[in-house]
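There are 2 protein chains.
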Amino acid sequence: MNDLPVTLKDVAAMAGVHPATVSRALNPETRLLVSDETADRILAAADSLGYRPNTVARSLRTRRSNTVGVLIPDLNNPLFPPIVRGIEDRLAANGYVALIGNTDADDDRERLVFEGMRDRHVDGFVFATARLRSPLLAEAAAAGLCVVLVNRHAEGYGFPAVSVDNEQGIAMAVAHLAALGHGKIAHVAGPQDVSTGLSRYRGFVAAMAAHDLAVEPEMVAYASAYSIEEGERCCGELLETGCTAIAAGNDMLAVGCYVALETAGLSCPGDISVVGFNDMPFMDRLTPPLTSVSFAHYEVGKEAGRLILEQIARGGARGSGGGGAAGGAGGEISADPQVHYLAPELKVRGSTGPPANVAVGARRRVG
Amino acid sequence: MNDLPVTLKDVAAMAGVHPATVSRALNPETRLLVSDETADRILAAADSLGYRPNTVARSLRTRRSNTVGVLIPDLNNPLFPPIVRGIEDRLAANGYVALIGNTDADDDRERLVFEGMRDRHVDGFVFATARLRSPLLAEAAAAGLCVVLVNRHAEGYGFPAVSVDNEQGIAMAVAHLAALGHGKIAHVAGPQDVSTGLSRYRGFVAAMAAHDLAVEPEMVAYASAYSIEEGERCCGELLETGCTAIAAGNDMLAVGCYVALETAGLSCPGDISVVGFNDMPFMDRLTPPLTSVSFAHYEVGKEAGRLILEQIARGGARGSGGGGAAGGAGGEISADPQVHYLAPELKVRGSTGPPANVAVGARRRVG
DNA sequence: TTGTAAGCGTTATCAC
DNA sequence: GTGATAACGCTTACAA
Numbered sequence: 197m198n199d200l201p202v203t204l205k206d207v208a209a210m211a212g213v214h215p216a217t218v219s220r221a222l223n224p225e226t227r228l229l230v231s232d233e234t235a236d237r238i239l240a241a242a243d244s245l246g247y248r249p250n251t252v253a254r255s256l257r258t259r260r261s262n263t264v265g266v267l268i269p270d271l272n273n274p275l276f277p278p279i280v281r282g283i284e285d286r287l288a289a290n291g292y293v294a295l296i297g298n299t300d301a302d303d304d305r306e307r308l309v310f311e312g313m314r315d316r317h318v319d320g321f322v323f324a325t326a327r328l329r330s331p332l333l334a335e336a337a338a339a340g341l342c343v344v345l346v347n348r349h350a351e352g353y354g355f356p357a358v359s360v361d362n363e364q365g366i367a368m369a370v371a372h373l374a375a376l377g378h379g380k381i382a383h384v385a386g387p388q389d390v391s392t393g394l395s396r397y398r399g400f401v402a403a404m405a406a407h408d409l410a411v412e413p414e415m416v417a418y419a420s421a422y423s424i425e426e427g428e429r430c431c432g433e434l435l436e437t438g439c440t441a442i443a444a445g446n447d448m449l450a451v452g453c454y455v456a457l458e459t460a461g462l463s464c465p466g467d468i469s470v471v472g473f474n475d476m477p478f479m480d481r482l483t484p485p486l487t488s489v490s491f492a493h494y495e496v497g498k499e500a501g502r503l504i505l506e507q508i509a510r511g512g513a514r515g516s517g518g519g520g521a522a523g524g525a526g527g528e529i530s531a532d533p534q535v536h537y538l539a540p541e542l543k544v545r546g547s548t549g550p551p552a553n554v555a556v557g558a559r560r561r562v563g
Numbered sequence: 197m198n199d200l201p202v203t204l205k206d207v208a209a210m211a212g213v214h215p216a217t218v219s220r221a222l223n224p225e226t227r228l229l230v231s232d233e234t235a236d237r238i239l240a241a242a243d244s245l246g247y248r249p250n251t252v253a254r255s256l257r258t259r260r261s262n263t264v265g266v267l268i269p270d271l272n273n274p275l276f277p278p279i280v281r282g283i284e285d286r287l288a289a290n291g292y293v294a295l296i297g298n299t300d301a302d303d304d305r306e307r308l309v310f311e312g313m314r315d316r317h318v319d320g321f322v323f324a325t326a327r328l329r330s331p332l333l334a335e336a337a338a339a340g341l342c343v344v345l346v347n348r349h350a351e352g353y354g355f356p357a358v359s360v361d362n363e364q365g366i367a368m369a370v371a372h373l374a375a376l377g378h379g380k381i382a383h384v385a386g387p388q389d390v391s392t393g394l395s396r397y398r399g400f401v402a403a404m405a406a407h408d409l410a411v412e413p414e415m416v417a418y419a420s421a422y423s424i425e426e427g428e429r430c431c432g433e434l435l436e437t438g439c440t441a442i443a444a445g446n447d448m449l450a451v452g453c454y455v456a457l458e459t460a461g462l463s464c465p466g467d468i469s470v471v472g473f474n475d476m477p478f479m480d481r482l483t484p485p486l487t488s489v490s491f492a493h494y495e496v497g498k499e500a501g502r503l504i505l506e507q508i509a510r511g512g513a514r515g516s517g518g519g520g521a522a523g524g525a526g527g528e529i530s531a532d533p534q535v536h537y538l539a540p541e542l543k544v545r546g547s548t549g550p551p552a553n554v555a556v557g558a559r560r561r562v563g
């Protein structure tokens, strides 16, 4: 009937000991400092009273909030829910919770969200919003905050990052299109100030070269954001070039291509093949099902969660890590030794097929 | 160079006043208690030092965390991100943040998440996971916690709820199918222990009656969860009944119907029309685009955010609300006067068409 | 209008 | 092994 919260003091009174002793008995770290006998008595009292520690008071005293700030562009982008769940689930295993912040890819909002989280004394940050050069990350680095980057990485701030191998992924897309007989392959490039946009663009150029295919400048259109609208606009431009296939910088851009193709009265893959990147949920159910470069989103999130917990446990970013040749012998893809790459996998679906002329030839042979 | 956090004391020292005065000057509520002159001095000192209040200390003192717990089944279900964003955005406007918890529709997990949030002293809860009868909600009600239900409601706990008008929504679906000429319309019912499942089922029965259409018992299949798998299973059963259209309890179940139809080698809408409910993001891009009952997800979230803030501001659920005939003159759909209904809208897309025999007739007339 | 002092519930640093 | 005490940074009667 009495709602008043039970405190350490209450438990102490019931067990006939000092509050400090209760604290010790209940805290796994210090449990060994108290005799089993009294510990038992305390434990019994605690759960007979239904004691629950006050995490706020604990945070004030320990300067640990058991909380991690997670900054993402937009929860509505289907790429992020599985990543966020991966992070949350990993954090939960250690008694941590995530504070989610949406930045809408806006720097001012990002700063606002970031500062709100600092005010709440989060123990660390996971950024899914990193641009290659970011004043915010520079600040975070200078302040010695615990930070992990996910999906994207940034240049030279020394933060660990988890992402798919973008170069390899886009290479798989190009190889697939080339194998189908495409020669004029265009690229809708993502924003070039974020690592995914730049890496996939570079990977595209490299992969085309590897297949002895030319990349005319007009065969690449640059999206200013990973949005359906930008994909549509870029695809519209590319249709002038006579390309027969498009490797899009991500699935959103690919969906934008679908829209542009519909508008132009063209069929996919009949007239133009389209490949996405990320293989977001439901991409396998589009019209047509989207061929896309896939990776384990949830696992990326879990790994990011693991890394941030590790960093926090080390007592901050200054701990170790960060530098030099510590990352194992050679072969690292990036200059930053702390980027954890996951392997991509190409999911071939209905949005890719042979180019129109080849298809006609094929039909002749068959019919 | 010095990272040590700036406290009230530091600001007080610089401004040459007592910490308490700084507190008053910086708090909007008490700002008027201090002279403009000293307030200015304090403000100047505060932001010259870059002072940021310690929210943890504040929470401990005020017993307010400015935090709301949001329980959802699964962030990966595309229905929830827009709702969550609506909640978050509304909360942010008042300096509150949301703690997201995924329950995976599991009671034990739900309790765990709930208790974790209580331990963190959230000021209120938004439940998107309510079952009609829920021990957890009963407890919350007994404890006088601030609670708002979203998307679903529950029976008799007196909590405000925000959701779409399910009866009206499913009625629109049935009316649409009937207008197309369907007579044998089946229903994949959602779980009957949650309000959405029950309301839509009842709405389906009522709507069929309104159109003088019979509902044979075997024309309703009951899903045990809102999952693609269950939709597939149920649709498989319904295919035995000779129905020509299916009104699904939600979009997940509708997608499950797509799977079952593919497996059976049937076409949609050629052989069977399918209508979903919720109109989740990307449902307009499925194969075929899904006809679905739509509503403003983001707005539902915002309204839920508004309601929980209001309840918290009132100083708890016990404040007022809850009871009696306060809800305006008559016409309430539910016994609980606090359910806020949003109007549904039917989005007609490619998954619905005339029944096969009618279609054949139509073709004859045309060709 | 401002200063004083107590206290939110915990944990850390001493003694004993 | 346990108790006493102080402190984390802030708010809020109450006093001046």
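Protein chains in written order, with our numbering: chain A, 197 to 563; chain B, 197 to 563.
Glycine included, each C-beta is placed from N, C-alpha and C at the ideal position.
Find the residues of chain A that neighbour Leu505 of chain B, judging by a C-beta separation of less than 7 angstroms, and give them in chain order. Within the second sequence, residue 505 of chain B is the residue found at index 309, counting from 1. At a C-beta separation below 7 angstroms, Leu505 of chain B has no neighbours in chain A, since its nearest C-beta there lies roughly 17 angstroms away.
Any contact of the segment 260-275 of chain A with the segment 202-214 of chain B, i.e. 3+ C-beta pairs under 8 angstroms? Output reads no: the segment 202-214 of chain B does not touch the segment 260-275 of chain A.
Establish whether the CB of Arg314 of chain A and some CB of chain B are separated by less than 9 angstroms. As a first step, residue 314 of chain A must be located in the first sequence, where it is residue number 118. For Arg314 of chain A, at least one C-beta of chain B is nearer than 9 angstroms to its own C-beta.
Distance cutoff 9 angstroms, beta carbons only. Does Thr483 of chain B sit that close to anything in chain A? On the second sequence, residue 483 of chain B is found 287 positions in, with the first residue counted as 1. Thr483 of chain B counts as touching chain A.
Is it buried or exposed, Ala522 of chain B, if we count other Cβ atoms within 10 angstroms and call 16 or more buried? Residue 522 of chain B sits at position 326 when you count from the first residue of the second sequence. Summary for Ala522 of chain B: the model assigns pLDDT 33, below 50, so the residue's position carries little reliability; its value from the coordinates is reported in the next sentence. Residue environment for Ala522 of chain B: exposed (fewer than 16 other C-beta atoms within 10 angstroms of its C-beta).
Residue range of the beta strand (DSSP E) that Asn298 of chain B falls in? If you number the second sequence from 1, residue 298 of chain B lands on position 102. Bounds of the beta strand (DSSP E) holding Asn298 of chain B are 293-298.
Let me see if you follow: with CB-CB separation under 9 angstroms, is Pro277 of chain B close to chain A or not? Here residue 277 of chain B refers to the residue found at position 81 of the second sequence. It does; some Cβ of chain A falls within 9 angstroms.
Of all Cβ atoms in chain B, is any one closer than 9 angstroms to the Cβ of Asn446 of chain A? Translated into the one-based positions of the first sequence, residue 446 of chain A becomes position 250. No, because no Cβ of chain B sits closer than 9 angstroms to the Cβ of Asn446 of chain A.
Leaving out five residues on either side along the sequence, give the residues of the same chain with a beta carbon under 8 angstroms from the beta carbon of Val202 of chain B. As a first step, residue 202 of chain B is located in the second sequence; it is residue number 6 there, counting from the start. These residues qualify, in order along the chain: Leu245, Gly246, Tyr247, Arg248.
Presumed contact (8 angstroms Cβ cut-off) between Gly427 of chain B and Leu449 of chain B, rounded CB distance: For the purposes of this step, residue 427 of chain B is taken as residue 231 along the second sequence, with counting starting at 1. For the purposes of this step, residue 449 of chain B is taken as residue 253 along the second sequence, with counting starting at 1. For a cut-off of 8 angstroms, the C-beta gap from Gly427 of chain B to Leu449 of chain B is around 4 angstroms, short enough to register as a contact.
In the structure shown, what three-state DSSP assignment does His383 of chain A receive? The sequence position of residue 383 of chain A within the first sequence is 187, counting from 1. DSSP, read as helix, strand or coil, puts His383 of chain A in strand.
According to the neighbour-count rule (16 or more other Cβ atoms, all chains shown, within 10 Å of its Cβ), is Asp232 of chain B buried or exposed? One-based indexing of the second sequence puts residue 232 of chain B at position 36. Asp232 of chain B is classed as exposed because its beta carbon has fewer than 16 other beta carbons within 10 Å across all chains shown.
Would you mind stating whether Leu328 of chain B and Val390 of chain B have Cβ atoms separated by less than 9 angstroms? Taking the second sequence and counting its residues from 1, the one referred to as residue 328 of chain B is at position 132. Taking the second sequence and counting its residues from 1, the one referred to as residue 390 of chain B is at position 194. Yes.
Mind listing the chain B neighbours of Asn272 of chain A? Cutoff is C-beta to C-beta under 7 angstroms, in chain order. The residue given as residue 272 of chain A occupies position 76 in the first sequence. Asn272 of chain A reaches chain B at Pro277, Pro278, Arg281, Pro477, counting residues in chain order whose Cβ is nearer than 7 angstroms.
Would you mind telling me which residues of chain A sit closer than 9 angstroms to Arg248 of chain B, beta carbon to beta carbon, in chain order? The residue you call residue 248 of chain B lines up with position 52 of the second sequence. Neighbours of Arg248 of chain B on chain A, chain order: Glu311, Arg314, Asp315.
CA-to-CA distance, Leu333 of chain B to His536 of chain A, given in whole angstroms: Counting from one through the first sequence, the residue named residue 536 of chain A turns up at place 340. Counting from one through the second sequence, the residue named residue 333 of chain B turns up at place 137. Those two C-alpha atoms are separated by around 43 angstroms.
Please check if any C-beta of chain B sits within less than 9 angstroms of the C-beta of Ser261 of chain A. In the first sequence, residue 261 of chain A corresponds to position 65, counting from 1. Put simply, the CB of Ser261 of chain A is near chain B, with a gap under 9 angstroms to one of its CB atoms.
For Gly549 of chain B, which of B:Asp206, B:His349, B:Ala369 has the nearest alpha-carbon? Here residue 549 of chain B refers to the residue found at position 353 when the second sequence is read from its first residue. Looking at the Cα atoms, B:Ala369 is the closest of the given residues.
Should Leu542 of chain A be labelled buried (16 or more other beta-carbon atoms within 10 Å of its own) or exposed? Indexing the first sequence from 1 puts residue 542 of chain A at position 346. It is buried - the Cβ of Leu542 of chain A has at least 16 other Cβ atoms within 10 Å.
Within 9 angstroms, strictly: CB atoms of Ala500 of chain B and Val322 of chain B: As a position in the second sequence, residue 500 of chain B is number 304, starting the count at 1. As a position in the second sequence, residue 322 of chain B is number 126, starting the count at 1. Cβ distance < 9 angstroms, so Ala500 of chain B and Val322 of chain B count as in contact.
Go through its chain and collect everything with a Cβ distance to Gly297 of chain B's Cβ below 6 angstroms, but skip five positions before and after it. In the second sequence, residue 297 of chain B corresponds to position 101, counting from 1. So the qualifying residues of the chain are Leu267, Val309.
Please classify Leu328 of chain A: does DSSP put it in a helix, a strand, or coil? As a first step, residue 328 of chain A is located in the first sequence; it is residue number 132 there, counting from the start. Judged by DSSP in its simplified three-state form, Leu328 of chain A adopts coil rather than helix or strand.
List, in order along the chain, the chain A residues whose C-beta lies closer than 7 angstroms to that of Met256 of chain B? Translated into positions along the second sequence, residue 256 of chain B becomes position 60. According to the sequence provided, residue 256 of chain B is Leu. The question's Met does not apply to it. Leu256 of chain B reaches chain A at Val252, Ala253, Leu256, counting residues in chain order whose Cβ is nearer than 7 angstroms.
Suppose the cutoff is 7 angstroms on Cβ atoms and the five residues either side in sequence are ignored; what does the same chain contact list for Glu433 of chain A look like? As a first step, residue 433 of chain A is located in the first sequence; it is residue number 237 there, counting from the start. Sequence-distant Cβ neighbours of Glu433 of chain A in its own chain, meaning closer than 7 angstroms and more than five residues away, are Ala417.
Let me see if you follow: with CB-CB separation under 9 angstroms, is Ile296 of chain B close to chain A or not? Sequence index remark: in the second sequence, residue 296 of chain B carries index 100 (1-based). Cβ-Cβ to chain A under 9 angstroms: yes for Ile296 of chain B.
Are the C-beta of Ala288 of chain B and some C-beta of chain A separated by less than 9 angstroms? By one-based count along the second sequence, residue 288 of chain B stands at place 92. Put simply, the CB of Ala288 of chain B is near chain A, with a gap under 9 angstroms to one of its CB atoms.
Less than 9 angstroms between the C-beta atoms of Ala239 of chain B and Leu222 of chain B, yes or no? The residue you call residue 239 of chain B lines up with position 43 of the second sequence. The residue you call residue 222 of chain B lines up with position 26 of the second sequence. Correcting the residue type first, residue 239 of chain B is Leu in the shown sequence and not Ala. Yes. Within cutoff.
Check each candidate in B:Ala289, B:Pro477, B:Gly438 and name the one with the smallest Cα separation from Glu412 of chain B. Taking the second sequence and counting its residues from 1, the one referred to as residue 412 of chain B is at position 216. Nearest C-alpha to Glu412 of chain B: B:Gly438.
Thinking C-alpha only, which one of B:Glu414, B:Ala326, B:Asp285 is nearest Asp303 of chain B? As a working note, residue 303 of chain B is residue 107 in the second sequence. Out of B:Glu414, B:Ala326, B:Asp285, the CA that lies nearest to the CA of Asp303 of chain B is found in B:Ala326.
Neighbour flag for Glu436 of chain A against chain B, beta carbons, 9 angstroms: For this step, residue 436 of chain A is matched to residue 240 along the first sequence. Taking a beta-carbon distance threshold of 9 angstroms, Glu436 of chain A does not count as an interface residue toward chain B.
Any C-beta of chain B sitting closer than 9 angstroms to the C-beta of Val451 of chain A? Within the first sequence, the letter at position 255 stands for residue 451 of chain A. It does: the Cβ of Val451 of chain A has a partner Cβ on chain B nearer than 9 angstroms.
Just the chain A side, please: which residues come within less than 9 angstroms of Val293 of chain B by C-beta, in chain order? Along the second sequence, one-based indexing puts residue 293 of chain B at 97. Under the 9 angstroms cutoff, chain A gives Leu295, Ile296, Gly297, Gly312, Met313, Arg316.
Among B:Leu271, B:Tyr292, B:Val207, which one has its Cα closest to the Cα of Ile508 of chain B? In the second sequence, residue 508 of chain B corresponds to position 312, counting from 1. Ranked by Cα distance from Ile508 of chain B, the options B:Leu271, B:Tyr292, B:Val207 are led by B:Tyr292.
Contact criterion: CB-CB distance below 9 angstroms. Does Tyr454 of chain A meet it with respect to chain B? Numbered from 1 along the first sequence, position 258 holds the residue referred to as residue 454 of chain A. Output row for Tyr454 of chain A: interface = yes.
Name the residue from A:Asn262, A:Ser330, A:Gly282 whose alpha carbon lies nearest to the alpha carbon of Met313 of chain B. Here the question's residue 313 of chain B lines up with position 117 in the second sequence. Closest by alpha carbon: A:Asn262.
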